[in-house]
Amino acid sequence: TSIIVIGELYYIWTHRDELSFLDLGHMIITTLLGILTAVRSIVPQLQNYHKLLLRFINVMHLMHSTNKGAYYNQMNDTVDRFCSYYTNFSVGLIFLACTMFNFAPFCNNIAHVFIFKTENYTLEFSLYYQFPGINPTDYFTTTSIYNVYLSYNYAMMVSGLDLILFLIIFQIIGHVYILKYNLENFRSPKQKVVFKLGDVIKYKINESITSEMFDAEENKEVHFKLAECIEHHKQIIGFTDDVSALFGPILACNYLFHLVCCSLLLLECSEGGYSAMLRYGPMTVLIYGQLIQMSVIFEMLGSETEKFPDSAYFLPWECMDTSNRRTACIMLHKMQYKISLKALGLAAVGVSTMTGILKTTFSYYA
Numbered sequence: 001t002s003i004i005v006i007g008e009l010y011y012i013w014t015h016r017d018e019l020s021f022l023d024l025g026h027m028i029i030t031t032l033l034g035i036l037t038a039v040r041s042i043v044p045q046l047q048n049y050h051k052l053l054l055r056f057i058n059v060m061h062l063m064h065s066t067n068k069g070a071y072y073n074q075m076n077d078t079v080d081r082f083c084s085y086y087t088n089f090s091v092g093l094i095f096l097a098c099t100m101f102n103f104a105p106f107c108n109n110i111a112h113v114f115i116f117k118t119e120n121y122t123l124e125f126s127l128y129y130q131f132p133g134i135n136p137t138d139y140f141t142t143t144s145i146y147n148v149y150l151s152y153n154y155a156m157m158v159s160g161l162d163l164i165l166f167l168i169i170f171q172i173i174g175h176v177y178i179l180k181y182n183l184e185n186f187r188s189p190k191q192k193v194v195f196k197l198g199d200v201i202k203y204k205i206n207e208s209i210t211s212e213m214f215d216a217e218e219n220k221e222v223h224f225k226l227a228e229c230i231e232h233h234k235q236i237i238g239f240t241d242d243v244s245a246l247f248g249p250i251l252a253c254n255y256l257f258h259l260v261c262c263s264l265l266l267l268e269c270s271e272g273g274y275s276a277m278l279r280y281g282p283m284t285v286l287i288y289g290q291l292i293q294m295s296v297i298f299e300m301l302g303s304e305t306e307k308f309p310d311s312a313y314f315l316p317w318e319c320m321d322t323s324n325r326r327t328a329c330i331m332l333h334k335m336q337y338k339i340s341l342k343a344l345g346l347a348a349v350g351v352s353t354m355t356g357i358l359k360t361t362f363s364y365y366a
């Protein structure tokens, strides 16, 4: 891919006086796609990527929690079903965009060469690149087939890698829902304890109050449950931080790519005609969809974790002994912070960043 990017840059340089405005836009789009693909292709080679995926499949996937209760099983089925639908939709859109990007120039070549028999017609390719002494346009069949592979490679690296990331985030959101459920449905004391006010305050009052309190045995179970919730929260934060550390630079590259390419894709679509819409329509939907999905999914994760403090306060902390109250207080303190992913640790990935990019995109397009 890196070699092809060099070939694309060389093609732009050698044909800079011949390329029309829209053709130059096409070259910039494909070159930036190549650069993004080259950068993203580094990720699957990293040892941290392998460790993260192994940890995701062997530890974090909800299928390992189905034996812990009915809600765990229900959440696993829900997330699994949603992931299945989302994967089918995403893969279908990826292949549609990849196919149409190569099908449009193929149709133009057939129409002009065999139907209209246009004289001095220059054959079209989905990707243009050139090297000193080597001109791929002289090898039409070989270049066209290789361009299909390159388009597939671009699509898999740009959208396929994001699909893996989104599936991981869906599982994390499932864990968030489970932790919220465990906090909001915490066990209550079985027995009520009677306090005589005369024993508590100095004045002689015969009145008494009844309150629900955990006994010694129940407090041991409560301590175990609190430790389990704290460990689950710690596991979610630790895994999310690892995902952010690995994919953060990729998300930053994504935002930079969207900032430049989204306006160019709108420009190419505005050329009009079935050929432009066939070629750039599905790709525009894919690229814009990627930006919107990425931002909405991460915003969903952040908004759900913002509800943790309320869920933690639902605990029957007033019924616990002093030790467990301290533990509940520490847990409540730790859950005050929203879990979010950041691009290079700077820009938060969410709807606000997406809105800024879309506004800038439409301004550039205009």
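So the sequence shown is residues 1 to 366, counted in UniProt numbering.
Glycine included, C-beta positions come from ideal geometry on N, C-alpha and C.
*Can at least three beta-carbon pairs, one atom from the stretch 336-344 and one from the stretch 296-312, be found at a separation below 8 Å?*
As far as the Cβ criterion goes, the stretch 336-344 touches the stretch 296-312, which means the pair count is three or higher.
*asked:* Across the stretch 210-225 and the stretch 312-324, are there enough close Cβ pairs to call them in contact, namely three or more that are closer than 8 Å?
replied: yes
*Grab me the residues of V222's own chain with a C-beta within less than 7 Å of its C-beta, minus the 5 sequence neighbours each way, in chain order.*
These residues qualify, in order along the chain: F214, M320, N324.
*Do A104 and L278 come within 8 Å of each other at the CB atom, strictly closer than that value?*
yes
*Are the CB atoms of L265 and I29 nearer to each other than 8 Å?*
yes
_If you measure between the beta carbons of K334 and H233, is that distance less than 8 Å?_
yes
*Given A343, which residues of its chain have a CB within under 7 Å of its CB, disregarding the five upstream and five downstream residues?*
G248, L251, A252, Y255, V349
*asked:* For the alpha helix (DSSP H) containing C262, name the first residue and the last one.
replied: 216-269
*In the DSSP assignment, what residue or residues form a beta bridge with E212?*
K192
*How would you call Q290, buried or exposed, if buried means at least 16 neighbouring beta carbons within 10 angstroms?*
buried
*Separation of T361 from G34, as counted between CA atoms*: 20 Å
_C-beta atoms of L163 and T87 nearer than 8 Å_ = With respect to the 8 Å criterion, L163 and T87 are classified as neighbours on the basis of their beta carbons.
*Kindly confirm or deny that the stretch 178-196 and the stretch 58-73 touch, where touching means at least three C-beta pairs closer than 8 Å.*
yes
*Just confirm the distance between the C-beta atoms of residue 417 and S275, as a whole number of angstroms; I'd bet it's less than 8 Å.*
Since the first residue of the chain shown is 1 and the last is 366, residue 417 is not available in this structure.
*Please list, in chain order, all residues of the same chain as G345 whose beta carbon is under 7 Å from its beta carbon, the five residues on each side excluded.*
G248
*Between the Cα of F56 and those of M100, T118, Q171, F89, spot the shortest distance and give me the residue it belongs to.*
Q171
*For Y364, which option in L46, C261, C229 has the closest C-alpha, if you only look at C-alpha atoms?*
C261
*For the stretch 261-344, which segments carrying the alpha helix (DSSP H) assignment without a break, of at least 4 residues, lie completely within its bounds, in sequence order?*
Counting only runs of 4 or more, we get 273-305, 308-313, 322-334.
*Please determine, among M100, C83, N76, the residue with the shortest C-alpha to C-alpha distance to L286.*
Ranking the options by Cα distance to L286, first place goes to M100.
_Tell me which residue opens and which closes the alpha helix (DSSP H) that K117 is part of._
Here K117 belongs to no alpha helix (DSSP H), and DSSP marks it neither H nor E.
*Provide the residue span of the alpha helix (DSSP H) that contains R40, from first to last.*
21-40
*With burial defined as no fewer than 16 other Cβ atoms inside 10 Å of the residue's Cβ, what is the status of T142: buried or exposed?*
T142 is exposed by the Cβ-count criterion.
*Q47: first and last residue of the uninterrupted alpha helix (DSSP H) it sits in*: Boundaries of the alpha helix (DSSP H) harbouring Q47: 47-55, taken from the DSSP string.
*Tell me whether E268 is buried or exposed, calling it buried when 16 or more other Cβ atoms sit within 10 Å of its Cβ.*
Under this definition E268 is a buried residue.
*asked:* My assumption, with CB atoms under 8 Å, is that Y129 sits in contact with E228. Please give the rounded CB distance.
replied: Wrong, their Cβ atoms sit about 57 Å apart, outside the cutoff.
*Residues near S90 by beta carbon distance below 6 Å, same chain, minus five either side*: L163
*Tell me F131's beta-bridge partners as DSSP assigns them.*
I134
*Contact under 8 Å by Cβ, I3 with M27*: Contact annotation: I3 and M27 have beta-carbon atoms that are not nearer than 8 Å.
*asked:* Give me the residue from H50, P189, L301, M300 with the minimum Cα distance to A216.
replied: P189
*Under the three-state reduction of DSSP, which class applies to A104: helix, strand or coil?*
helix
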